[in-house]
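Before any comments, here is the structure.
Number of protein chains: 4
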Amino acid sequence: MTDLTPQQLANACAEAMFARDQASQQLGMKIVSVAPGRAELSMTVDQRMIQGHGACHGGYLFTLADSAFAFSCNTYDKATVASGCSIEYVMPAKQGDVLIASAEERSRGNRTGIYDITITNQDKQVVAYFRGKSYQVRGSVRRLEE
Amino acid sequence: MTDLTPQQLANACAEAMFARDQASQQLGMKIVSVAPGRAELSMTVDQRMIQGHGACHGGYLFTLADSAFAFSCNTYDKATVASGCSIEYVMPAKQGDVLIASAEERSRGNRTGIYDITITNQDKQVVAYFRGKSYQVRGSVRRLEE
Amino acid sequence: MTDLTPQQLANACAEAMFARDQASQQLGMKIVSVAPGRAELSMTVDQRMIQGHGACHGGYLFTLADSAFAFSCNTYDKATVASGCSIEYVMPAKQGDVLIASAEERSRGNRTGIYDITITNQDKQVVAYFRGKSYQVRGSVRRLEE
Amino acid sequence: MTDLTPQQLANACAEAMFARDQASQQLGMKIVSVAPGRAELSMTVDQRMIQGHGACHGGYLFTLADSAFAFSCNTYDKATVASGCSIEYVMPAKQGDVLIASAEERSRGNRTGIYDITITNQDKQVVAYFRGKSYQVRGSVRRLEE
């Protein structure tokens with residue numbers, strides 16, 4: 585195990601985590617790329633995501649960003665959870681939009697980290713900015729029981 | 585129309601909005617109560633909401649709180665959207681948990697408002713705190729085209 | 585030491601901390617009251633706090649709320665610092681306004697906590713809402729070196 | 585007036601605003617640079633900024649970032665105020681530290697904008713991340729009465 589490169593470890597963590605992540609799978613999310621401290625996920629806005637004003641429910645934008653956040657902060661095989669997050673909406677997303685959430689690590693200390701996630705649509709327009717605060721718990725990402 | 589009480593108006597807005605809100609319906613949310621500036625929604629954590637660490641995906645907690653926020657700030661028949669939100673997680677939710685999100689208006693100015701939402705589980709334990717900033721746009725809640 | 589009541593301990597912590605807190609003293613803050621998990625501080629907006637649009641600089645509103653937050657989360661004699669904070673402005677404060685920041689504990693776990701602070705003016709109008717996330721570090725509040 | 589370049593306009597706004605901004609001046613802040621949607625301010629941590637745990641009060645870190653935010657979003661001669669802000673602390677600042685707050689525009693719509701501010705110290709270490717939400721009001725930056 586110890587001879588994995590950081591990139592290989594990031595890949596292995598993402599695979600193991602995605603296999604268990606029914607929430608992200610159910611929404612049709614796909615991992616576009618991962619790297620240490622980074623992740624890019626895509627999701628297409630479908631009918632079930634439409635809220636009472638006719639646009640994509642903010643909860644689904646949040647969920648996409650939150651998943652990108654989770655994949656980016658779990659690339660070191662140290663189980664890490666969110667302690668809090670914030671999202672700022674820039675423009676609405678509509679049914680059929682193909683969204684990309686790009687997560688980037690801003691800082692990572694002993695146990696806590698800060699990650700910035702940007703959601704863009706197929707026209708490269710920014711839909712929302714998300715900031716996540718992470719907290720490292722006990723255990724491995726690849727083997728849950730550890 | 586003009587002779588509705590504020591409570592009746594809040595009820596009418598919630599009904600109209602919920603009927604169009606496929607996102608909240610799909611997740612099994614139910615409106616427990618609404619009043620001017622307030623709303624209480626319930627949701628049971630089911631299998632599709634479980635993420636890669638075995639708990640309820642933060643995105644679904646957010647979505648529940650966000651819906652309660654949306655219903656509470658749209659009780660005046662003035663179409664109102666979220667400009668930004670933040671959530672702080674207190675404890676994880678597990679499959680089968682019955683969650684309640686209670687939204688309360690903290691302030692409401694000309695066009696913007698602040699709402700605090702608390703998510704609790706069936707044991708009255710706090711799962712998360714959410715704060716939403718609202719922004720009033722043009723139009724009615726009950727008749728989208730208006 | 586061990587025979588202090590929680591209220592006496594809160595008082596002792598606040599006294600020790602305020603004596604060292606040149607920042608809060610310099611701004612003329614006064615501790616109105618403390619109790620376990622709670623604190624109320626006052627501050628009068630003076631000329632040095634006025635920013636380029638003629639109102640109280642948001643930084644001073646934040647600083648007042650942040651101090652109330654610090655005093656409320658340090659009432660247990662466990663040294664506790666802020667990990668992050670957010671503030672939402674409701675109405676501007678003007679020179680001469682007497683502001684009160686009331687801090688209330690919303691949750692407190694092993695090492696982290698959530699506190700809500702409301703700033704009001706002399707007319708009981710809400711000026712800003714503040715939310716602070718705390719993180720318990722090593723050491724005592726009353727004796728820094730410990 | 586209309587023949588100013590965007591950079592000249594940004595400079596003129598910053599000068600006019602700084603001249604009125606007693607809060608930023610009092611704290612020894614200096615404008616390092618401005619450009620449309622951007623500003624860099626410096627501040628040295630002095631004794632009056634030290635809080636009860638012996639580090640720079642978070643309120644002064646916030647105030648520095650908030651000033652950088654204000655100068656960056658007021659570079660278009662449209663009077664703009666903060667609607668809300670959040671700050672995440674990465675490491676403490678100590679007396680004598682020379683801090684730089686760099687503000688960058690992330691988005692700017694009809695009336696609202698999002699700005700990210702990073703505070704670093706003299707060793708290029710990140711001290712805090714700040715995000716500000718702006719709201720454009722009536723009037724000019726250069727001539728308050730307008």
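Chains as they are written, first to last, in this note's numbering: chain A, 585 to 730; chain B, 585 to 730; chain C, 585 to 730; chain D, 585 to 730.
Where is the CB? At the ideal position from N, CA and C, for every residue including glycine.
Proximity winner among the options, relative to residue i (alpha-carbon distances)
i	options	result
I684 (chain B)	B:R604, B:E599 and B:Y644	B:Y644
T659 (chain C)	C:T589, C:R727 and C:L593	C:L593
T664 (chain B)	A:Q635, A:T702, A:S667 and A:V665	A:Q635
Y699 (chain D)	D:Y673, D:N705 and D:S691	D:S691
D681 (chain A)	A:Q631, A:G621 and A:Q591	A:Q631
G638 (chain D)	D:K678, D:L625 and D:S670	D:K678
I732 (chain C)	C:R727, C:R726, C:G642 and C:S724	Because chain C here runs from 585 to 730, residue 732 (chain C) falls outside it and cannot be looked at.
E672 (chain B)	A:M675, A:V674, A:E672 and A:G668	A:G668
S626 (chain A)	A:M613, A:R715 and A:A619	A:M613
P676 (chain C)	C:G693, C:D707 and C:G697	C:D707
I701 (chain D)	D:Q609, D:R722, D:R695 and D:G716	D:G716
L611 (chain B)	A:D661, A:A666, A:S718 and A:M633	A:M633
A619 (chain B)	B:A607, B:T628 and B:A654	B:A654
R695 (chain D)	B:V674, B:E689, B:V721 and B:N705	B:V721
S617 (chain B)	B:T628, B:K662 and B:A596	B:A596
V674 (chain C)	C:G693, C:N705 and C:A598	C:N705
S724 (chain A)	A:G693, A:G697, A:S670 and A:D661	A:D661
S656 (chain C)	C:S718, C:R727, C:R622 and C:S670	C:R622
Y719 (chain B)	B:R726, B:A666 and B:Q609	B:A666
C640 (chain C)	D:S608, D:G697 and D:Q591	D:S608
E624 (chain B)	B:D587, B:E689 and B:L588	B:E689
R726 (chain A)	A:G693, A:E599 and A:D587	A:E599
Residue i in three-state terms, based on DSSP
i	result
R695 (chain B)	coil
G668 (chain A)	strand
E729 (chain D)	Since pLDDT at E729 (chain D) reaches only 46, below the 50 mark, its modelled position is unreliable, and the value read off the structure follows with that caveat. It is coil, neither helix nor strand.
Y660 (chain A)	coil
M675 (chain B)	coil
Q532 (chain C)	As shown, chain C starts at 585 and ends at 730. That puts residue 532 (chain C) outside it, with no answer to give.
M601 (chain B)	helix
L588 (chain C)	coil
V710 (chain D)	strand
Per DSSP, the bridge partner or partners of residue i
i	result
D700 (chain A)	A:E688 and A:R715
L593 (chain A)	Its beta-bridge partners do not exist; DSSP assigns none.
Any non-hydrogen atom of the ligand ZN within 6 Å of residue i CB
i	result
A594 (chain D)	Summarising the ligand content, the structure contains no ligands, and the ligand ZN is consequently not present.
Contacts of residue i in chain G (Cβ-Cβ under 7 Å)
i	result
R715 (chain A)	Protein chains in the displayed structure are A, B, C and D, and chain G is not among them.
Would you call the region 685-703 of chain D and the region 645-654 of chain D in contact, with 3 or more CB pairs under 8 Å? yes
If we count Cβ pairs, one from each stretch, closer than 8 Å, do we get three or more for the region 601-618 of chain D versus the region 702-715 of chain C? no
Every unbroken alpha helix (DSSP H) within the region 603-660 of chain B, with a cutoff of 4 residues, ordered by chain: 606-610 and 642-657
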